[in-house]
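These notes are about the structure you will find just below.
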Amino acid sequence: MSMHLRGRIGTYQVLIPAGSVLDVWTSENISNEAPTWRGRAVPYVDGRALLGEPAPGPAGALLAYGEAVDDAKLVILGLDEVLGSVSVAAEMLQPFPQSLADAHRLFDGIAGLPGVSTKLLRLRTGLDLAALAEIGASPTPSSA
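Per the working numbering, residue 46 is the first one in the sequence shown, and the count goes up by one each step.
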């Protein structure tokens, strides 16, 4: 079993490996200023833009996404909401289809969870989300 943060980005539900989540802010703790983390300017990536979803308003949750405090690829990732944390057993996770080549750059698995009617996409660890956002962020599941 591995722990994941479960979140919503537009019409998608995603799993983010807990080891890549360094901090979380919810809407009541989000300011209108450029995101910083521990006094460090950090790139902001709107998850909705990565997935080709419309952004009707500000993100409802932000998380510091990276492998370590000093990770050069650390970003602040905007989600619509955090739905909680969940343990994911290995047998619940299926490999992400290779045929979805563009989206495969973002995700490495799809999970079905008990009591959840939709499949959840698992975000890869070690991703340089800021670099993906800068090159157009076209790896969307809807583009497949």
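Note that beta-carbon positions come from the ideal geometry of N, C-alpha and C, so glycine has one too.
For residue i, which of the options has the nearest alpha-carbon?
i	options	result
leucine 122	Gly105, Asp115, Ser132, Met137	Gly105
isoleucine 54	Arg85, Ala176, Val120, Asp91	Asp91
proline 80	Leu119, Phe152, Val161, Gly97	Leu119
proline 159	Leu172, Ala134, Asp153	Ala134
aspartate 115	Arg85, Tyr57, Pro101, Glu136	Arg85
proline 103	Gly157, Asp125, Leu151	Asp125
serine 72	Leu172, Gly157, Leu128	Leu128
valine 87	Ala117, Gly52, Pro101, Asp153	Ala117
Mind checking whether residue i and residue j have CB atoms under 9 Å apart?
i	j	result
valine 69	leucine 165	no
leucine 138	arginine 169	no
histidine 49	serine 132	yes
glycine 111	leucine 151	no
Return the Cβ separation of residue i and residue j in integer angstroms, given the expectation that the two are a contact with Cβ distance under 8 Å.
i	j	result
leucine 174	leucine 108	With a Cβ gap of about 11 Å, leucine 174 and leucine 108 do not count as contacting.
Could you give the distance in angstroms between the alpha-carbon of residue i and the alpha-carbon of residue j?
i	j	result
phenylalanine 141	isoleucine 155	6 Å
tyrosine 57	arginine 93	9 Å
isoleucine 61	alanine 176	18 Å
serine 130	tryptophan 82	22 Å
serine 47	alanine 113	18 Å
aspartate 153	glycine 52	16 Å
alanine 100	tyrosine 89	14 Å
glutamate 136	glycine 97	29 Å
Would you call residue i buried or exposed, if buried means 16 or more other Cβ atoms sit within 10 Å of its Cβ?
i	result
glycine 64	exposed
proline 186	Unreliable placement is indicated for proline 186, whose pLDDT of 30 sits below 50; the coordinate value is still reported in the next sentence. Proline 186 should be labelled buried.
glycine 157	exposed
glycine 171	exposed
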